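Q: Chains as they are written, first to last, in the UniProt record's numbering: chain P, 1 to 417; chain Z, 1 to 93; chain S, 1 to 978; chain F, 1 to 180.
Next up is a structure, given as structure tokens.
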Amino acid sequence: MRFSGWRVLREGLTGNKGWAPHWRDPEPKAEYDAVIIGGGGHGLSTAYYLAKNHGMTNIAVLEKGYLGGGNVGRNTTIVRANYGQQGNSEFYSHSLKLWENLEEDLNYNAMMSQRGIINLFHSDGQRDAFARRGNMMINQGDDAELLDREGVRRLLPYLDFDNVRFPIYGGLLHRRGGTARHDAVAWGFARGADQRGVDLIQQCEVTGIDIENGKVRGVQTTRGAIRAKKVGIVVAGRSGQVAAMAGMRLPIESHVLQAFVTEGIKPVIDHVVSFGMGHFYISQSNKGGLVFGGDLDFYASYAQRGNMPMMEHVMEAGMTLMPMIGKAKVLRSWGGIMDMTPDGSPIIDKTDTEGLFIDCGWCYGGFKAVPGSGFSFAHLMATGEHHEPAAKYRLDRFRKGRGLMDEEATGSQHNLH
Amino acid sequence: MRIDCPMCGSRDRREYYYQGGAVMLARPAPDAGEAAWDDYLHLRENPAGETEELWQHDGGCGAWLVVTRDTVSHEISNVALAEDVKRAMRKAS
Amino acid sequence: MRLAGKGLVDRSTPVQFSFDGTTYKGFAGDTVASALLANGVKLMGRSFKYHRPRGVLSAGSEEPNALITTGKGAGQEPNVRATVQEVYDGLVTRSQNAWPSLDFDVMAVNDLGAPFLGAGFYYKTFMWPKRFWEAVYEPVIRKAAGLGALSGKSNEDTYERAYAFCDLLVIGAGPTGLMAALTAARAGADVIIADEDSLLGGRLNAETGAVGHQSGAAWAAAVVAELSSMENVRLMSRTTVTGAYDGGMYGALERVNQHTSHRGGGAPLECFWRISAKHAVLAAGALERPIAFQNNDRPGVMTAGAVRAYLNRWGVTPGKRVAVFGNNDDAHRTARDLAAAGVHVVALIDSRNDVAVPDFDGRVFKGAQVCNAAGRKELESITIRTATGEEALQVDCLAVSGGWNPTVHLTCHMGGRPTWREDIQAFVPTDGSIPNMTVAGACNGVFSTQQCLNDGVEAAKAALKALGKKNADVEVPKAEDAPYQMSPLWAVAGKGRAWLDFQNDVSVKDIKQAAVENFRSVEHMKRYTTQGMATDQGKNSNVAALAMLADATGRGIPETGTTTFRPPYSPVSIAAMGAGAQGHGFAPERWTTSHKRSVEMGAPMIEAGLWYRPSYFPKPGESTWRQSCDREVGYVRNAVGVCDVSTLGKIDIQGPDAAKLLDFVYTNMFSSLKVGRVRYGLMLREDGFVMDDGTTARLGEQHFVMTTTTAAAGNVMRHLEFVTQALHPEWEVSFASVTEQWAQFAVAGPKSRELLNGLLDEPIKGESWPFMACGPVSVVGVEGRLFRISFSGEHAYEIAVPSRYGASLFDILLKRAEEMGGGAYGMEALNVLRIEKGFITHAEIEGRATAFDIGAAKMISAKKDCVGKTMAARPGLVDEDRPQLVGLKPVDAAKQLTAGAHLFERDAEAVRINSKGHVSSVGFSPDLGTMIGLGFFARGPERHGEVIRMVDHLRGVETEVEICHPVFLDPEGERVRG
Amino acid sequence: MVELIQISPCAGLLPITLGSVTLDEQDVGRLTSLSPFGDASDLSAALEKAHGCTWPKPNRSTGKDGGRCIWFGRDEALLIGPAPDMGLAKHGAVVDQSDAWAVVSLAGPGAVDVLARLVPVDLRDAAFKRGHTVRTQVMHMNASITKLGTDHLMIMVFRSMAGTLVYDLKGAMAAVASRG
């Protein structure tokens, strides 16, 4: 079924009786050409692009819970391509281009909203660092503008320009950045993959990876053994546990990142605003809630919930930067599990086991990478060759010190990125 | 979250700095080789369960601590001074 | 309508407030909802999506419909629950999410379009034409969405945060909580009891049953009085415990002045408490749930318990002709109480066949259901379906009870999932969900008052035992002990829309449609339909929606899923949780001793690692910062300049192993440094990248003073603690930050020695203080320290005195410098001076630079191990193709350099793959008459003299630059030694 | 003749009284940080001999006005009042910190309530008695807090943060005063 305004109209007039499931619930087959472990955003997009770009349709996505139940459904929905390091720059650039055509591609309204992202800076030194990043963005072919204080004031008149601990010197504006409706992205990819014949299997937890003579043979699951020629691990938040099934140790420590949403209020923030000194970023959802977050809680965690000190710090940052949001009330807070790597950048690579691939380490930047990650990972799984925009996301870069992409420049401590 | 500092007593998490796995206590010899150093700095067991971590009570007494904590329940079962743990490690080796 | 002689409001204190411009009268103790109902106002809000007219549903913070906006100007506060907001004289309130008025709302047209606006419709449309999403559809949707509005003005109210500690935190002050608090308090425990209501007592204030020999309300008041008199008890009314966190930490919001007109000054509007409790008793009660039927959202349809609360607590009847509809015995009390108060109870409709009902003067329908309601802005009639057919009844209020849901919310905050109990058709907390918390009373599924009182005592005893305290004797009074009997009824079958989530306009049909479209997981259903995503977090509707999903998918409720809730229990303002941070409170401000004088001199102060430092010191006649900067550079190059450098980190290191420590944290050797000398040192992170640099002076055989950069001072201190505690506890060494102890000033320039000699009690003679010498000095009678070091390449010193003398010394230095044709210089000049000499700062060692990159590979001593040495040798860190430090100057001296620009080969296109480096620092050199810069370029050191291209797309600058040695001035270093 | 003039960290900022609580700067004499190179016992003995106060246990202070020694962190104590005996330096680092700290006293009924707005430690008499001391935080600043008596506390933060200390305490004092 194709979705469109006409379809909504027709169904509305006929009692909404014609709607069909967005995806099937098939029983797992005994064997697939490829199996994707993990039905989150990245896993679903990998399946979609395997089917669409590489004609691999005899594949399955195995999800231990429900589709899109991980970080893709618990984030602050920001989409951007404003990275400063070689390796990241080209990857996110490619991903953003996929976002820009996602609705047409998927026939699903993911509400990609290119409302612009402004990264504020608060000193001459920060301005120069942002200039270096902005120039990298333009070198890559993306958009960036350096705003001075008055330029920021024109866009964000509600910031506190006069009585603030860290005065606003200006901002780096990335107009093509914005937000998207997170759940819809997962569902759109799921529906797209399902329509191309991919089996999406929920409530199916992988309990083991079968390896013989250095080659992957399939997986053990709570719904039985499944043979596969290729297996891709795409399980943000559980990467270490699943990789351990194949005897691997990863350069990852899992951390909790909290996010917050307020009660709905009438439109008041039209952009995505990021305040580096306070590790605070905010946007307003189409439903009216202010969606915002801050830094990691900083301790390793799988609990998907945070604690008060970081929550308060985030609120403090909001109050010093834009005290007009003070009377908005936080409705809900939640935490996601972040795969933190030693340079803050992800991994899309083969493993030492033939046929076994891994896509992990997205830190807290995984949402915007959903299309790009799936596209590149599918390319790697299908062809055995690294996709050019993701070619630097190697596992061995830490050991060799080659091609590190340390955007935050904080070094090899996992939680500092 | 509260951590029971062996010096200061039970204190709010906000007084503490987290560094990472307590593996950082076991610094390899300079010539231990690439794999040992990769292990030390990058690779992590990262268990969903109990683990030993390094924290510093930087908003309090300044002591570095080895905290045994569950990463799923956040329950803390032991806190020791890092210097004591390190001394014991030396004795044992 | 207010009833004479009923309720607990203070009739001697009338209050006037306004709603939508009309002034109403109420009494102290009224909420906006009770006062409006007393005045016959039923329409209080509009729903989110279809803008359906809505009245009050509940009498508590779970209210989904009666959300209003209070206050004016910057004090405007959206989404206030009319059921919580107390009235006070002068309170201004208005309705929201309606235009032009609550009574006539244009957006109500959405309701007519409902067939096209069902669950998830927006995922299927608005995709064509492509650019219409951002240009047309999204703006319209955004404008229509949202509830109330923020003022857009900066907050002007005071908010507060505070900490509290206790042995026992009792959450909820109903019969269970009061009894628990009393039991624990009498046993001597340190108790906090918190309740979100203004009046403690919980349901006791809303019911007519007796406790002991008095009314429930009177008993509660007596217990509250006793608790208030005890020193070991803190009573917190108007305080909602909003979240449960690790280690017995709880968040709580106290509405300190939301019920008064007191604003501004020191008086906080709200206080966010961080409560540390050794044990907790959750006695949060239960919430009544509605039943879904067609048009069950009409103003006048309320929960049965809310009707009793308005009647018994506030002396208000929400209607003159009331019907009661329920599936449980509890609903009967509403009929009984209304009838006893003289209100006309038209009918009692019980969905069960075989039940005993109270005796009252009205019709009784057993085995019947209300299947429809009529009256758009006010309930006019209901339709009852019995075994024999349908019948309409004229009523203006319908009290509904679908049973009670225990308030499990806090027990879910740490990941706990509640357990389904078939007998009460509800979820109850799962044991152990929150460590050291005992759940008691109605929130544990215990519903009679007597059982609640008993349970409160038991919970307190369990807590006392855990706390190691002895029990105290507490007599439990007698109270109502009727069993709670119910039979599930979630929704009445029928056509039309039966509402579940009132605020988000989610109907039973939406849940069913979601199931059809294969959103069968609870999480999928919630997200697809927005069920439970409204401001009540699904408190009123989640369980019924789950039942509907179970029904639609042919599963039982527990197999379908469970409900979970995240903090906060009820919404908390950002201002409260971030209290104190607005303006300058976000981070400490660090002032040097020369701060005041610098500000007086008109210097713009800039932020550096929490410190403030002067950017430059403008003089009359200078119109640009560059003019000031050039002049200040000239001071140093030609006469003498003075600069406060106190912000640099200073660490005093002493002990037998002090030199060993330095050898380990620095790449180069310090054990060989002579006493009385200073050496530059480079520090790496363990991953091999540069962490910091600075000079360290040896004051004694076992005594060093290390200098760090301003920004890295804290990190370096932590690093030293790590090394000495976690890696080498055997070393006998101590260190302390002395950054704050010393005010330190750079005195730089050819006349620096002359200037200092006027102040030093023992002047510097000849080579008594050679370059890199250090030691104690006496500065006009004050013991100080002198270091012959230079960050400008000039003959220079840094002089330090105890901070109490800092301001005074700065003044004296300035005066003398000015007499010699010099003066103060700020950060801009300092930057130019150091670039001219190729000295690096954090613009160069920004965290990704290696010793190799900055040309300091040889500083990594081969003779010893040090932090970072092994990893710095990784192949990627010493790759010949890495961009390395170079000097840059424009080929055309008039051209501009900009920091942050990228560097390319002369003929290469300025695109990513061609970028071979970047510009890190720039400044205008008055001596050279051109801009100069430092930067990094691949194989740069091999290419001095070659011309490359700098491109700054952002600033529109493109300049041909020559690669040169990073030292632009005095490469032999004659001046610094001279 | 030039002369160096002394200025105290809170000059021009204090005293302040709001409600029943008064905040004032305290001149406590010399501040000397003491840290043993190894075990503290020798240093403790020397300390007692020279100044009459022993090495304090964690969270405790020894001595009295004019010669007080407060625990100041791991392996660190702060000698308050007298100029340190030079013999102490044989057993550990002796570092003059007289100018490094802003020292204020907060006194009057409600002083503990004021600090409860800013300090994440229970400072009520039952938990924090006269002579007890803690290293903790005041809002965002690392601090040392010592109880000198009921409703009487000594608070120390880095000298450069004196302005912020007064700002934070003043706000908390006003909030407490407003509750009456």
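Glycine residues also receive a C-beta, built at the ideal position from the N, C-alpha and C atoms.
Note that the structure is predicted; figures quoted are calculated from it, not measured.
What residues from chain F crowd round Asp-12 of chain Z, counting only those whose CB sits closer than 7 Å?
A: Looking up residue 12 of chain Z in the second sequence gives position 12. Going along chain F in sequence order, the residues near Asp-12 of chain Z (Cβ under 7 Å) are Pro-120.
Q: Please state whether the Cβ-Cβ distance between Ala-181 of chain S and Asp-167 of chain S is less than 8 Å.
A: Taking the third sequence and counting its residues from 1, one reaches residue 181 of chain S at position 181. Taking the third sequence and counting its residues from 1, one reaches residue 167 of chain S at position 167. Result no, Cβ atoms of Ala-181 of chain S and Asp-167 of chain S do not sit closer than 8 Å.
Q: Which runs of the alpha helix (DSSP H), 4 residues or longer, sit entirely within the stretch 304-391 of chain S?
A: Segments of the alpha helix (DSSP H) lying fully in the stretch 304-391 of chain S: 304-312 and 330-340.
Q: Of the choices S:Val-633, S:Arg-566, S:Glu-270 and S:Met-249, whose alpha-carbon is the least far from that of Gly-929 of chain S?
A: As a working note, residue 929 of chain S is residue 929 in the third sequence. Looking at the Cα atoms, S:Val-633 is the closest of the given residues.
Q: Cutting at 6 Å between CB atoms, please list the residues of its own chain near Glu-156 of chain S, excluding the five before and the five after it.
A: Locating residue 156 of chain S in the third sequence gives position 156, where the first residue counts as 1. Same-chain partners within the cutoff: Ala-74.
Q: How big is the Cα-Cα spacing for Lys-91 of chain Z and Met-340 of chain P?
A: Your numbering for residue 91 of chain Z matches position 91 in the second sequence. Your numbering for residue 340 of chain P matches position 340 in the first sequence. Their Cα atoms are separated by approximately 34 Å.
Q: Please state whether DSSP places Val-951 of chain S in a helix, a strand or coil.
A: As a first step, residue 951 of chain S is located in the third sequence; it is residue number 951 there, counting from the start. If DSSP states are grouped into helix, strand and coil, Val-951 of chain S belongs with the strands.
Q: Residue range of the beta strand (DSSP E) that Arg-234 of chain S falls in?
A: Taking the third sequence and counting its residues from 1, one reaches residue 234 of chain S at position 234. Here the beta strand (DSSP E) through Arg-234 of chain S covers 233-236.
Q: Between the C-alpha atoms of Gly-609 of chain S and Ala-462 of chain S, what's the straight-line distance to the nearest angstrom?
A: On the third sequence, position 609 is the one that residue 609 of chain S refers to. On the third sequence, position 462 is the one that residue 462 of chain S refers to. Roughly 50 Å between the two C-alpha positions.
Q: If you count every other CB in all the chains shown that lies within 10 Å of the CB of residue 101 of chain Z, and 16 or more means buried, which is it?
A: Coverage of chain Z is limited to positions 1 through 93, which leaves residue 101 of chain Z absent and any answer about it impossible.
Q: How about Ser-45 of chain P and Gly-336 of chain P: do their beta carbons lie closer than 8 Å?
A: Your numbering for residue 45 of chain P matches position 45 in the first sequence. Your numbering for residue 336 of chain P matches position 336 in the first sequence. Taking 8 Å as the Cβ cut-off, Ser-45 of chain P and Gly-336 of chain P do not qualify as a contacting pair.
Q: Kindly list, in the order they appear in chain S, the residues whose Cβ is closer than 7 Å to that of Gly-62 of chain Z.
A: By one-based count along the second sequence, residue 62 of chain Z stands at place 62. Those are Glu-721, listed as they occur along chain S.
Q: For the alpha helix (DSSP H) containing Gln-450 of chain S, name the first residue and the last one.
A: Taking the first residue of the third sequence as 1, we reach residue 450 of chain S at position 450. Run containing Gln-450 of chain S: 449-467, per the alpha helix (DSSP H) assignment.
Q: Buried or exposed for Arg-816 of chain S, please, with buried defined as at least 16 other CB atoms from any protein chain shown within 10 angstroms of its CB.
A: Here residue 816 of chain S corresponds to residue number 816 of the third sequence, with the count starting at 1. That one is buried.
Q: By the three-class DSSP mapping on this structure, what secondary structure does Gly-374 of chain P have?
A: For this step, residue 374 of chain P is matched to residue 374 along the first sequence. If DSSP states are grouped into helix, strand and coil, Gly-374 of chain P belongs with the helices.
Q: May I ask you to verify whether the stretch 241-250 of chain S touches the stretch 273-287 of chain S, counting CB pairs closer than 8 Å and requiring at least 3?
A: Segments in contact, yes.
Q: Where do the N-terminal and C-terminal ends of the alpha helix (DSSP H) with Val-314 of chain P fall, by residue?
A: Reading the first sequence from its first residue, position 314 is the one you call residue 314 of chain P. Its alpha helix (DSSP H) spans residues 308-321.
Q: For the candidate residues F:Arg-117, F:Trp-71, F:Phe-158 and F:Arg-130, whose alpha-carbon lies nearest to that of Ala-581 of chain S?
A: As a first step, residue 581 of chain S must be located in the third sequence, where it is residue number 581. Answer by Cα proximity: F:Arg-117.
Q: Give the secondary structure of Lys-329 of chain P by DSSP, where H, G and I count as helix, E and B as strand, and everything else as coil.
A: Here residue 329 of chain P refers to the residue found at position 329 when the first sequence is read from its first residue. Here Lys-329 of chain P sits in strand by DSSP.
Q: Which residues in the same chain as Val-206 of chain P place their Cβ atom closer than 6 Å to its Cβ, once the five residues preceding and following it in sequence are excluded?
A: Against the first sequence, residue 206 of chain P aligns to sequence position 206. Taken in chain order, the residues that qualify are Ile-37, Leu-62, Val-219 and Thr-221.
Q: Is there a C-beta anywhere in chain Z that falls below 8 Å from the one on Arg-60 of chain F?
A: In the fourth sequence, counting from the first residue as 1, residue 60 of chain F sits at position 60. Arg-60 of chain F does not count as touching chain Z.
Q: Is Asp-536 of chain S buried or exposed, if buried means 16 or more other CB atoms sit within 10 Å of its CB?
A: By one-based count along the third sequence, residue 536 of chain S stands at place 536. It counts as buried.
Q: Pick out the complete beta strand (DSSP E) segments inside the UniProt domain "Rhodanese" (35-78) of chain P, 3 residues or longer, and give them in chain order.
A: Within the UniProt domain "Rhodanese" (35-78) of chain P, the complete beta strand (DSSP E) runs of at least 3 residues are 59-62.
Q: Does the distance from the C-beta atom of Ile-117 of chain P to that of Ser-301 of chain P stay below 8 Å?
A: For the purposes of this step, residue 117 of chain P is taken as residue 117 along the first sequence, with counting starting at 1. For the purposes of this step, residue 301 of chain P is taken as residue 301 along the first sequence, with counting starting at 1. No, Cβ-Cβ distance for Ile-117 of chain P and Ser-301 of chain P is not below 8 Å.
Q: Just to check my reading of the structure: Glu-559 of chain S and Leu-43 of chain S have Cβ atoms closer than 8 Å, yes? What is that Cβ distance to the nearest angstrom?
A: Residue 559 of chain S sits at position 559 when you count from the first residue of the third sequence. Residue 43 of chain S sits at position 43 when you count from the first residue of the third sequence. In fact, because the Cβ distance is near 41 Å, the residues do not count as touching under 8 Å.
Q: Which residues in chain A sit within 8 Å of Arg-44 of chain Z, going by Cβ to Cβ distance?
A: The displayed structure is made up of protein chains P, Z, S and F, and chain A is not among them.
Q: So, for Ala-893 of chain S: in the same chain, excluding its five sequence neighbours on each side, which residues have a beta-carbon less than 7 Å away from its beta-carbon?
A: For the purposes of this step, residue 893 of chain S is taken as residue 893 along the third sequence, with counting starting at 1. Closer than 7 Å at Cβ, skipping near neighbours: Gly-929 and Thr-930.
Q: Quick one: what does DSSP say Asp-162 of chain P is sitting in, helix, strand or coil?
A: What you label residue 162 of chain P is simply residue 162 of the first sequence in a count that begins at 1. Coil at Asp-162 of chain P, not helix or strand.
Q: Can you give me the Cβ contacts of Met-7 of chain Z inside the same chain, cut-off strictly under 6 Å, excluding the 5 residues immediately before and after it?
A: Locating residue 7 of chain Z in the second sequence gives position 7, counting from the first residue. Taken in chain order, the residues that qualify are Cys-61 and Ala-63.
Q: Let's see if you can read the secondary structure: which residues bound the alpha helix (DSSP H) around Asp-168 of chain F?
A: Start at 1 with the first residue of the fourth sequence, and residue 168 of chain F comes out as number 168. Run containing Asp-168 of chain F: 162-179, per the alpha helix (DSSP H) assignment.
Q: Should Asp-687 of chain S go down as buried or exposed, given a rule of 16 or more other Cβ atoms within 10 Å for buried?
A: One-based indexing of the third sequence puts residue 687 of chain S at position 687. So Asp-687 of chain S ends up on the buried side.
Q: From Glu-622 of chain S to His-595 of chain S, what distance separates their C-alpha atoms?
A: For this step, residue 622 of chain S is matched to residue 622 along the third sequence. For this step, residue 595 of chain S is matched to residue 595 along the third sequence. Spanning the two alpha carbons is a distance of roughly 22 Å.
Q: Within 8 Å (strictly less), CB to CB, does Met-7 of chain Z reach chain F?
A: Within the second sequence, the letter at position 7 stands for residue 7 of chain Z. Yes, contact with chain F.
Q: Can you name the start and end residues of the beta strand (DSSP E) that Lys-147 of chain F belongs to?
A: Counting from 1 along the fourth sequence, the entry for residue 147 of chain F is found at position 147. Segment 141-149, the beta strand (DSSP E) holding Lys-147 of chain F.
Q: From what residue to what residue does the alpha helix (DSSP H) around Thr-529 of chain S run?
A: Indexing the third sequence from 1 puts residue 529 of chain S at position 529. Residues 522-529.
Q: Quick one: Cα of Ala-175 of chain F to Cα of Ala-267 of chain S, how far?
A: For the purposes of this step, residue 175 of chain F is identified with residue 175 of the fourth sequence, where counting begins at 1. For the purposes of this step, residue 267 of chain S is identified with residue 267 of the third sequence, where counting begins at 1. So the two alpha carbons sit approximately 5 Å from each other.
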